[in-house]
Amino acid sequence: MRPTMSPLVKICGLTTPESVDAAIRLGATHIGLVHYEPSQRHVDLRTAAELRKRAGPHVKVALLLVNASQQLTGEALSMVRPDIVQFHGSETPEWLTVVKRLTPAEIWKAIGLKDAETLTRMQKYHGIAHRILFDAPAAALPGGTGTRFDWSLLKNHRHTMDWGIAGGLTPANVAQAIAETGAPLVDVSSGVESAPGVKDMDKIAAFLKAVGR
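Using the working numbering, you'd call the opening residue of the sequence shown number 23 and step up by one each time.
As structure tokens, this is what we get:
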């Protein structure tokens, strides 16, 4: 069932002041900064802090971490001060609970949605994560691969947590994804790029228009 309001939109993997400015100007509600060296969208913590400051109060800023150490997580929270910490690895509910005590930021957990059993297993994050982000099943890199999951897995699912969808979304298919899943938030990265890690402002505009923003 399609939401009665336009879904929230997160443009992830931003790396430049220009892309941050464009995402805000074009109507994104959230932006994502990736701190994970293997990613083509990786930004160091100093750059992430500068981009977060540039965004100001205009959007919510998510910092994406993947199996980060306790020391790195602490440094990232202190330097960047994100609105959201998005965990994209194999982080446990116990670790998220620890981080939740250390920061006022929202805690998001990305889940690779492989099958119906995944929807049962993810309940272990109930009461811990503020939002579950359904993504394509794990590949060589977590997220940003342009691969989608089977949207029908979410049809008629009764959600017990705030949630959103990611994975293979583009300006051409996001409206269909929303119609099929009822997603209250959509997250895009590679689907609005002209090359890996290079955001395309026209594609960002088209994506937001397709969502209804």
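Using N, Cα and C, we set each Cβ at its ideal position, and we do this for glycine too.
How is R170 classed by DSSP in three states: helix, strand or coil? coil
Rounded C-alpha distance that separates Y58 from L94: Computed Cα separation, rounded: 11 angstroms.
Is it buried or exposed, L30, if we count other Cβ atoms within 10 angstroms and call 16 or more buried? buried
Since G96 is in the alpha helix (DSSP H), which residue starts that stretch and which ends it? Q92 to V102
Hey, would you say W130 sits closer than 8 angstroms to F156, going by beta carbons? Contact flag unset, no.
Which one of A70, K136, P115 and P79 has the shortest CA to CA distance from A158? K136
Given a cut-off of 8 angstroms, decide if L36 and L73 are closer than it, judged by their beta-carbon atoms. It is a contact, given that the beta carbons lie within the stated cut-off.
For the segment 68-84 against the segment 222-231, are there 3 or more C-beta pairs whose distance is under 8 angstroms? no
What does the alpha-carbon distance come out to for the pair A151 and K32? 17 angstroms
Looking at T38 and V81, is the spacing between their C-beta atoms short of 8 angstroms? no
Reduced DSSP category for S41 - H, G, I as helix; E, B as strand; rest coil: helix
For K231, three-class secondary structure by DSSP: helix
Contact defined as beta carbons within less than 8 angstroms: I believe A232 pairs with A197. What is the distance between those atoms, to the nearest angstrom? 5 angstroms
Work out the CA separation of T182 and A13 for me, nearest whole Å. Residue 13 is absent from the structure shown; the chain starts at 23 and stops at 235.
Start and end of the beta strand (DSSP E) containing V7? Because the chain in this structure spans residues 23 to 235, residue 7 falls outside the shown range and cannot be described.
Please state whether DSSP places L67 in a helix, a strand or coil. helix
C-alpha gap between E40 and M223, whole angstroms: 9 angstroms
What residue range is occupied by the uninterrupted alpha helix (DSSP H) comprising R143? A138 to R143
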